[in-house]
């Protein structure tokens, strides 16, 4: 068992590892497409959490080492990487969401003959049982 | 060493991550992800990463959850479809294997974090030394637009290409722009009319503050896209904007970024490098147009989610 002598950064590193691993396992096992997309995002969030925790080490060091490396505050390079990662996450989630809508829409119209409704009724569409 | 706030926050992150992974209802999973975004934002504030927290709050939690909730509410799949694919004979086998594998991987990797020797990356010093040459004072904006300009260019290009891909998936000429939105309570249009000027101001402030303080193109673009989404949800007519301005706005950031990158080789500098004399002007121009492109791309993702061709 872990001793309680570790600092906050190690704690967040361990948390991020758990989030990353369980997101990944769930991503591999789940069947529903939306749950898969969410699991992929949770996995990505675990990685980003890890990167920010690593970046925070720079500001956490004592004065001597900070003066030696010249770094003040969290590591800018890693933080910029995390912002990049967030934008990429939105990009793939948006594309995945539209793809899911297409796939399930196709599935929906296959079984019924109501495929020729006008787009304006899309909001009121009921699921065919 | 470690404060109770950190301990509680970490445990909450784990708990809510479980909430966004385990339940079988799409709506619950989506709401769990929304809450996870809020918690992670707080973790990043605890870790002194204000820029990342702003980006997470704007892009990760705000826009991403907006897309997800829309998807979960409108999806035709019944609740309860989130189960695992059971194996025919031993239904407990796959969940059990998954839990065991996840636990083993987590313990092994966490042990690595606990035992590894802690060393800082060697790039800290050079970044600090060369930051004044980039024309901006804020480290993260400097890294994004000067040191890693190539990455940022490709990243904006990814957002542009994603928007192009979702536009291609919806096959008709952005017909969603004319499609009516579901009815909303009367309070929302009022609130939107009050909020949008404040949101635009906040977006611009984040953009221009990015050169000295926390903020930047991505956070600002997310706030502006959120203003557009709010306006669309509350039945404010954006048809002209969506039909004529959205596509030019989408490409202008990347195109100008590439053109600004080409100025370097003409003056005998490497590609995508700014001379300290005009670095500030170049970085600011690129950042303003990039913000336009990011806002347009994010809004496009929301717009095309509504009724891609095939969903009728």
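Residue numbers (UniProt numbering), protein chains in the order written: chain A, 1 to 129; chain B, 1 to 312.
Note that the Cβ used here is the ideal one computed from N, Cα and C, for glycine as well.
Any C-beta of chain A under 8 Å from that of residue i
i                      : result
residue 13 of chain B  : yes
residue 114 of chain B : yes
residue 68 of chain B  : yes
residue 202 of chain B : no
residue 169 of chain B : yes
residue 278 of chain B : no
residue 268 of chain B : no
residue 304 of chain B : yes
residue 47 of chain B  : yes
residue 239 of chain B : no
residue 236 of chain B : no
residue 291 of chain B : no
residue 29 of chain B  : yes
residue 127 of chain B : yes
residue 242 of chain B : no
residue 123 of chain B : yes
Extent of the continuous alpha helix (DSSP H) run through residue i
i                      : result
residue 145 of chain B : Run containing residue 145 of chain B: none; DSSP gives neither H nor E here.
residue 11 of chain A  : 8-29
residue 41 of chain A  : 33-55
CB contact below 8 Å: residue i versus chain B
i                      : result
residue 67 of chain A  : Residue confidence for residue 67 of chain A is low, a pLDDT of 44 falling below 50, so the modelled location carries little weight; the figure read from the coordinates is stated next. Chain B, which has no Cβ nearer than 8 Å to the Cβ of residue 67 of chain A, makes this no.
residue 40 of chain A  : no
residue 100 of chain A : yes
Chain-ordered chain A contacts of residue i [CB-CB under 9 Å]
i                      : result
residue 137 of chain B : Residues of chain A passing the Cβ test: none, with the nearest at roughly 11 Å.
Whole-number beta carbon distance between residue j and residue i, since they are thought to touch under 8 Å
i                      : j                      : result
residue 233 of chain B : residue 181 of chain B : 6 Å
residue 87 of chain A  : residue 155 of chain B : 6 Å
residue 295 of chain B : residue 221 of chain B : 4 Å
residue 48 of chain A  : residue 85 of chain A  : 5 Å
residue 102 of chain A : residue 169 of chain B : 6 Å
residue 141 of chain B : residue 216 of chain B : 5 Å
Contacts of residue i in chain A (Cβ-Cβ under 7 Å)
i                      : result
residue 55 of chain B  : 83 and 86
residue 148 of chain B : 80
residue 44 of chain B  : 52
residue 52 of chain B  : 52, 79, 82 and 83
Proximal residues of chain B, C-beta to C-beta of residue i below 7 Å
i                     : result
residue 47 of chain A : Those within 7 Å of residue 47 of chain A in chain B number zero; the least Cβ separation is about 12 Å.
residue 95 of chain A : 162, 165 and 166
Check: residue i C-beta below 7 Å from any heavy atom of the ligand NAD
i                      : result
residue 263 of chain B : Judged by which ligands are present, the structure shown has none, so any question about the ligand NAD falls away.
Proximal residues of chain A, C-beta to C-beta of residue i below 8 Å
i                      : result
residue 257 of chain B : Under the 8 Å cutoff, chain A gives no residues; its nearest Cβ is about 14 Å from residue 257 of chain B.
residue 3 of chain B   : 8
residue 218 of chain B : 83, 86 and 87
residue 357 of chain B : Residue 357 of chain B lies beyond the residue range present for chain B, which begins at 1 and ends at 312; the question has no answer from this structure.
Start-end ranges of the alpha helix (DSSP H) lying completely within the region 149-233 of chain B, minimum 4 residues: 149-169, 187-209 and 217-233
Segments assigned alpha helix (DSSP H), at least 4 residues, entirely inside the region 238-301 of chain B: 246-266
Ordered list of alpha helix (DSSP H) runs contained in the region 103-134 of chain B, each at least 4 residues: 124-130
Entirely enclosed beta strand (DSSP E) segments - the UniProt domain "MrpA C-terminal/MbhD" (12-76) of chain B, minimum 3 residues: none
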